Amino acid sequence: MPTWQNWSGRLTSKPEQLSFIYSEEQAAALALASTKAGQSLRAVGAGHSHKELVVDGDVIADLQALSGVISMDAQRLTAWVAGGTKIFALGAALHRHGLALPNQGDIDQQSISGATATGTHGTGTSLQNLSSRVIGARIALASGEIVECSPSHNSELWQASRLHLGAFGLVVALQLQCVASYRLQEQIQKLPLNAALDDLDDLVTNNRHCEFFWYPQSDIANLKTINPTDAAAQYPLAGEGERCGWNFEVLPNHRPHLHTEMEYSVRASQGPECMRAIQSLLNDTFTDVRWPVEYRTLAADDVWLSTAYQRDTVTISVHQDVNLPDGDYYRACEEIFLDFDGRPHWGKANYLTGEQLAKQHARWDDWWRVRDGVDPKGTFLNPYMRSIRP
Ligand SMILES: Cc1cc2nc3c(=O)[nH]c(=O)nc-3n(C[C@H](O)[C@H](O)[C@H](O)COP(=O)(O)OP(=O)(O)OC[C@H]3O[C@@H](n4cnc5c(N)ncnc54)[C@H](O)[C@@H]3O)c2cc1C
Numbered sequence: 153m154p155t156w157q158n159w160s161g162r163l164t165s166k167p168e169q170l171s172f173i174y175s176e177e178q179a180a181a182l183a184l185a186s187t188k189a190g191q192s193l194r195a196v197g198a199g200h201s202h203k204e205l206v207v208d209g210d211v212i213a214d215l216q217a218l219s220g221v222i223s224m225d226a227q228r229l230t231a232w233v234a235g236g237t238k239i240f241a242l243g244a245a246l247h248r249h250g251l252a253l254p255n256q257g258d259i260d261q262q263s264i265s266g267a268t269a270t271g272t273h274g275t276g277t278s279l280q281n282l283s284s285r286v287i288g289a290r291i292a293l294a295s296g297e298i299v300e301c302s303p304s305h306n307s308e309l310w311q312a313s314r315l316h317l318g319a320f321g322l323v324v325a326l327q328l329q330c331v332a333s334y335r336l337q338e339q340i341q342k343l344p345l346n347a348a349l350d351d352l353d354d355l356v357t358n359n360r361h362c363e364f365f366w367y368p369q370s371d372i373a374n375l376k377t378i379n380p381t382d383a384a385a386q387y388p389l390a391g392e393g394e395r396c397g398w399n400f401e402v403l404p405n406h407r408p409h410l411h412t413e414m415e416y417s418v419r420a421s422q423g424p425e426c427m428r429a430i431q432s433l434l435n436d437t438f439t440d441v442r443w444p445v446e447y448r449t450l451a452a453d454d455v456w457l458s459t460a461y462q463r464d465t466v467t468i469s470v471h472q473d474v475n476l477p478d479g480d481y482y483r484a485c486e487e488i489f490l491d492f493d494g495r496p497h498w499g500k501a502n503y504l505t506g507e508q509l510a511k512q513h514a515r516w517d518d519w520w521r522v523r524d525g526v527d528p529k530g531t532f533l534n535p536y537m538r539s540i541r542p
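Quick note: the sequence shown uses our numbering, first residue 153, plus one each step.
Printed below as a string of structure tokens:
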């Protein structure tokens, strides 16, 4: 039996089969064979999720060989990309044709389908998550059919599967709405956390990207701002906090230290208050936690299961070393996040039931109805997904 583990090593699985996918036809055949055998099938991207999204099924499909830009429309600024493409492989390839992702997360190691599966995002009050960039998809369904969906064709499937949680089928290609290439200048400053929180409205409004990390037991926030620039890219690239270059050179960071993470999205207007509550929890109760708290912003969108669905958002992430217990800390944080009507990041730790998730997501039943329509036997559900099913 093969063994699979996620990035942090916290989640492991022994599927009956680990299948490497090299073509769309192979993806479709595997989906059909799994359905006929009554096996559960889950795809893996880069395995960077902290939640039990990939584990404990019968078959894991690794799509990273389905990689690269398939086609581009430089006028409409759109691109079809293969489902397993890593985000780091997209930047230069899109840029050669004048295209760019409008935003991306802290790292660029995720696959594009894995990132859109969970609503992966960066920071910026005017910038939405990656799922919102999906304007078309090709999915190998449980029936063995490869279906294409977009706002004008199979539109409900497109709506639901922009944030898909791996539950609709094997995503073999995505069409992304990009923007024109742009260069960015990055800056980091250290300032007292209270000063950062007091000035936050201005900071997040006046910078394209703004975020901070606060290190518990210190008063200091590391505040990063990133803005468009006409200046030429400076090579070799400077270190984090001083880079000037193309978007895909400046936005991603190196985050090698293995950790677990919980992240919740709260209303933008309540971000500072929620942050202060987490700060008090760390100062008063969890005084041994050394890992930072990250504060970012995210624009509202219309993606059915997005944590920013119809509301401008602040995301607050808490971390812990992978070798240290995190349960008591995360549960205490979750209580605070829920007091603020927070919605959990789909790829990170949370302890919510399906009933709780249903209350947070207005399109929950629609999402499941569309999903069940293309996978009535539940081929693409693993134990976690079954546990939250209505
Ligand atoms: C160091 C680190 C930094 C991170 N930074 C950020 C950040 O800045 N912002 C943020 O929002 N999140 C961040 N995350 C979380 C991460 O972006 C998400 O968990 C993301 O979903 C991981 O992508 P992946 O390719 O590793 O997908 P996986 O974790 O492998 O899979 C995620 C889901 O996608 C499904 N899936 C993957 N590929 C396919 C496919 N081809 N077809 C169908 N289903 C598929 C899987 O079944 C699963 O349900 C970070 C995680 C780590 C470990």
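We put the beta carbon where it would ideally sit given N, CA and C, even for glycine. Predicted model only: the values in this text are computed from it and were never measured.
What do you reckon, is the C-beta of Arg541 under 6 angstroms from a heavy atom of ligand 1?
no
Could you give the distance in angstroms between the alpha-carbon of Gln341 and the alpha-carbon of Met427?
19 angstroms
Does the Cβ of His406 have 16 or more other Cβ atoms within 10 Å, making it buried, or fewer, making it exposed?
exposed
Helix, strand or coil: how does DSSP classify Ala294 here?
coil
In terms of alpha-carbon separation, which member of Pro542, Tyr536, Asp524 and Arg538 lies closest to Phe320?
Asp524
From Leu433 to Pro496, what does the alpha carbon distance come to, in whole angstroms?
19 angstroms
Helix, strand or coil, according to DSSP, for Pro424 in the structure here?
helix
Using only the heavy atoms of ligand 1, determine whether one of them is closer than 6 angstroms to the beta carbon of Ile239.
no
Please report the straight-line C-alpha distance between Ala179 and Leu328, rounded to a whole angstrom.
21 angstroms
Give the C-beta separation of Val470 and Met414 to the nearest angstrom, bearing in mind that I take them to be a contact with Cβ-Cβ under 8 angstroms.
5 angstroms
Helix, strand or coil for Asn359 per DSSP?
coil
Excluding the five sequence neighbours on either side, which residues of its own chain have a C-beta within less than 6 angstroms of the C-beta of Lys376, listed in chain order?
Ile340 and Glu363
Comparing alpha-carbon positions, which option in Ala294, Gln472 and Gly199 lies nearest Val526?
Ala294
Is Trp232 near ligand 1, in the sense that its beta carbon is under 6 angstroms from a heavy atom of that ligand?
no
Range covered by the beta strand (DSSP E) that runs through Asn399
Asn399 -> not in any beta strand (DSSP E); alpha helix (DSSP H) instead, spanning Asn399 to Val402.
If you check the beta carbons only, do Cys330 and Leu251 fall under 7 angstroms apart?
yes
Can you tell me the Cα-Cα spacing of Leu182 and Pro167, whole angstroms?
14 angstroms
Could you check whether the stretch 299 to 319 touches the stretch 255 to 274, counting it as contact only if at least three pairs of C-beta atoms, one from each stretch, sit closer than 8 angstroms?
yes
Quick test of your reading: Ile291 and Val323, contact by CB under 8 angstroms. State the CB separation rounded to the nearest angstrom.
5 angstroms
Can you give me the C-alpha to C-alpha distance between His482 and Asn502, rounded to a whole angstrom?
Here residue 482 turns out to be Tyr, not His, going by the sequence shown. Using only the alpha carbons, I get a separation of about 8 angstroms.
Please say whether Gly209 and Glu534 have beta carbons closer to each other than 7 angstroms?
Here residue 534 turns out to be Asn, not Glu, going by the sequence shown. Yes, the pair counts as a contact, with Cβ atoms nearer than the cut-off.
Our contact map puts Lys238 next to Ser223 with C-beta atoms below 8 angstroms; I'd like the distance itself, whole angstroms only.
Wrong, their Cβ atoms sit about 19 angstroms apart, outside the cutoff.
Assuming contact is defined by CB atoms lying nearer than 7 angstroms, are Val356 and Thr449 in contact in what I supplied?
yes
Going by beta-carbon coordinates alone, are Trp366 and Leu345 separated by less than 7 angstroms?
yes
Enclosing beta strand (DSSP E) for His411 [first to last residue]
His411 to Arg419
Tell me, which residues are paired with Asn379 by DSSP?
Gln337
Burial state of Met153, where buried means 16 or more other Cβ atoms lie within 10 Å:
exposed
Excluding the 5 residues flanking Lys529 on each side, which residues of the same chain have their C-beta closer than 7 angstroms to its C-beta?
Thr187 and Ala294
Could you tell me which uninterrupted alpha helix (DSSP H) segments, each at least 4 residues in length, are contained entirely in the stretch 232 to 285, listed from first to last along the chain?
239 to 247 and 264 to 270
May I ask you to check if the CB of Gly393 is nearer than 6 angstroms to at least one heavy atom of ligand 1?
no
Where does the unbroken beta strand (DSSP E) through Arg523 begin, and where does it stop?
Looking at the DSSP string, Arg523 is not in any beta strand (DSSP E); the run it does join, the alpha helix (DSSP H), is Trp516 to Val526.
Name the one or two DSSP bridge partners that His471 has.
Glu413
Using the Cα positions of His202 and Tyr334, report the straight-line distance between them to the nearest angstrom.
32 angstroms
In terms of residues, what are the limits of the alpha helix (DSSP H) holding Tyr536?
Pro535 to Ile540
Could you round the C-beta distance between Leu170 and Trp156 to whole angstroms and report it? I think they count as a contact, below 8 angstroms.
6 angstroms
Whole-angstrom distance between Gly190 and Thr150, CA atom to CA atom:
Only positions 153 to 542 of the chain appear in this structure, which leaves residue 150 out of reach.
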